[in-house]
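Residue numbers (our numbering), protein chains in the order written: chain A, 13 to 309; chain B, -16 to 297.
Down below is the structure, laid out as structure tokens.
Written as structure tokens, this is what we have:
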């Protein structure tokens, strides 16, 4: 049994060692990682970085353009935009990362079982996924926020739930391929239980695409949080979020166009960073794609 | 072919029924009483009872469900709880605005994305490829509503080429309609272009490594003919599939774009309905979106044979 499974395990180890190497040496991946790390530090040390309390109003200084005191200017209530943007990093990363953890925690086990066992379970899951995918994900999230009310926890649940079909589909298709490989048949012939095969042999071999999709989905989830907050269904003012800051900016776009620009740049940069990481990891972990694209990082 | 079409149609109908059921019961799960929400905190009990009776909310839930399904089948989506206007009338009045936005953005996306994907694949590992990939990555990362804001600031606030508010009446001329479609369609279309370019590049690279392309080169066909006649046709299948799958995203993007530009459309209608808790409008609007997504996916499935004669539906 050891012989039958040693090869895929070592291949898996090699793949992940290589993945970490690419994160360290690939230019795009390194830049992506660095930006993500910076955002994490900004979120963590926001009270030390922000010069003002993000909800503190200075009515006499409303809609000030960027200056030495207010680096990015102020909004219509005189709140410091730089401080609000710094604090806006927190909900973006919190919701973005946690929601994808939730969707992976739900989607991956379902996809593993569906891809390994097939049969009626797979058919029912496939049909439910079709139903979920027929809603635009933003609409699904909007509807669920209407049902559950808007809070940080609701946003994590709602956005996480809307990404479940992505992970179910991806895991199912990967598990389907892996479960037909010889080492799985060998394990089965040695009397390994289904649970053991799924946990020890199939899951480690489908983790690569899941990690790639996870990174790309965090980018999508950050965008979704901002979109919901932009529509007034996410983080509620006066708490800052990049989405509601852009929304505030739309209201004063004629007088103070800069209000909407800076939070949008932060949003775009964070999404770009996670996409860069995901893209590089995909190049590394998907040899077929690499071969077809003919590019070696 | 016929049996495949029937099977796909039945499957789509089943999914539509599931969506309708899900949306109907989800709306009934909301803890707040819709009548109370619509009439406000100070409405008398008699008024609330009268409203519930008028909207059929006092009927048993299964009877409401049956009426809803029968209504949908007959094209009657009920009346808006807030305005009292027929929901179908509101939806069908605004649908052309969203449809034109989605189609225009798809047109822009394809017009930029497909050639860009082809060129970056043909000129792989050159500066053109790097720039094209940079554009694709940037577009992939730009939230559509933020791009809309930037376009608004540049072209409406600074250059004043377009109005800030893009509301357009039905009586407006075609030229006015088109003028007010440019920025919203660009903001959605540029994002689509990046998706399509990435996909086209990847599909083109895979196709270019196929034996038949090598054979075409070997027999001396001009590069243009090999790339655009032999390779591109096979590239279109995954691209069209992805464009179909992006319908949901385009519609989701339309919700945001219509809000930024204050442009009439289904998305803006639905966001308004959600903020006003107009349940009849929400359930019908969501159903309409699902119907469009399913229809496009069905059409995409059936269009494969057009692009690839090898595809058989047996």
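The beta-carbon is built from N, C-alpha and C at its ideal position, and this holds for glycine as well.
In this structure, residue 242 of chain A places its C-beta atom within 9 Å of the C-beta atom of residue 128 of chain B.
Taking a beta-carbon distance threshold of 9 Å, residue 13 of chain B counts as an interface residue toward chain A. Listed by position along chain B, the residues whose Cβ is nearer than 8 Å to that of residue 235 of chain A are 126. Looking at the backbone, the Cα of residue 204 of chain A and that of residue 228 of chain A are separated by about 34 Å. Two segments are said to touch when three or more pairs of C-beta atoms, one from each, lie closer than 8 Å; by this definition the stretch 233 to 252 of chain B touches the stretch 144 to 151 of chain A.
Within chain B, not a single residue places a beta-carbon under 8 Å from that of residue 86 of chain A; the smallest gap is close to 18 Å. At a cut-off of 9 Å, the C-beta of residue 242 of chain B has a neighbouring C-beta in chain A.
For residue 111 of chain B and residue 103 of chain B, the gap between their C-alpha atoms comes out near 6 Å. At a C-beta separation below 7 Å, residue 129 of chain B has these neighbours in chain A: 258, 276, 279, 280. Within the same chain, 175, 226, 233 come within 7 Å of residue 89 of chain B by CB-CB distance, once the 5 residues on both sides are set aside. Close to residue 284 of chain A, with beta-carbon spacing below 9 Å, are these residues of chain B in chain order: 120, 121, 123, 124, 125. Chain-ordered listing is empty here: chain A has no CB closer than 9 Å to the CB of residue 281 of chain B, the nearest sitting near 11 Å. Of the residues assessed, residue 39 of chain A falls on the exposed side of the cut-off, its CB having fewer than 16 other CB atoms within 10 angstroms. Taken in chain order, the complete alpha helix (DSSP H) segments of 4 or more residues contained in the stretch 93 to 149 of chain A are 93 to 129, 131 to 145. Using a Cβ-Cβ cut-off of 7 Å, residue 273 of chain B is close to 146, 147 of chain A, given in chain order.
For residue 79 of chain B, the enclosing alpha helix (DSSP H) stretches over residues 70 to 105. Interface annotation for the stretch 110 to 144 of chain A against chain B: 142, 143, criterion Cβ-Cβ distance under 7 Å. In its chain, beyond the 5 residues on either side, 88, 127, 236, 240 have a beta carbon closer than 6 Å to the beta carbon of residue 171 of chain B.
Pairing residue 178 of chain A with residue 239 of chain A gives a Cβ-Cβ distance that is not under 9 Å. Taking a C-beta cut-off of 9 Å against chain A, the contacting residues of the stretch 217 to 232 of chain B are 228, 230, 231, 232, listed in chain order. In the structure shown, the three-state DSSP call for residue 260 of chain B is coil. Bounds of any alpha helix (DSSP H) do not take in residue 211 of chain A, whose DSSP letter is neither H nor E.
In the structure shown, the three-state DSSP call for residue 246 of chain B is coil.
Sequence-distant partners of residue 210 of chain A (beyond 5 residues in either direction) whose C-beta falls short of 6 Å from its own C-beta, in its chain, are 124, 128.
Counted as a single uninterrupted DSSP element, the alpha helix (DSSP H) harbouring residue 184 of chain B occupies residues 165 to 191. In the same chain as residue 162 of chain A, and ignoring 5 residues on each side of it, the C-beta atoms closer than 8 Å to its own belong to 240, 245, 246, 247, 248, in chain order. Taken through DSSP and simplified to helix, strand or coil, residue 62 of chain B comes out as strand. In the three-state scheme derived from DSSP, where H, G and I count as helix and E and B as strand, residue 67 of chain A is classed as coil.
Note: residue 86 of chain A is bridge-paired with A:92 in the DSSP secondary-structure output. With distances taken between CA atoms, residue 214 of chain A lies nearest to A:194 out of A:85, A:265, A:46, A:194.
For the options B:55, B:9, B:43, B:258, the alpha carbon positioned closest to that of residue 65 of chain B is the one of B:258. DSSP, read as helix, strand or coil, puts residue 221 of chain A in helix. At a Cβ-Cβ threshold of 9 Å, residue 66 of chain A and residue 89 of chain A do not count as neighbours. What residue 101 of chain B touches in chain A, judged by beta-carbon distance under 7 Å, is nothing: the nearest beta carbon there is about 14 Å away.
When DSSP states are grouped into helix, strand and coil, residue 38 of chain A belongs to the coil group. Judged by DSSP secondary structure, residue 217 of chain B falls within the alpha helix (DSSP H) whose first and last residues are 215 to 228.
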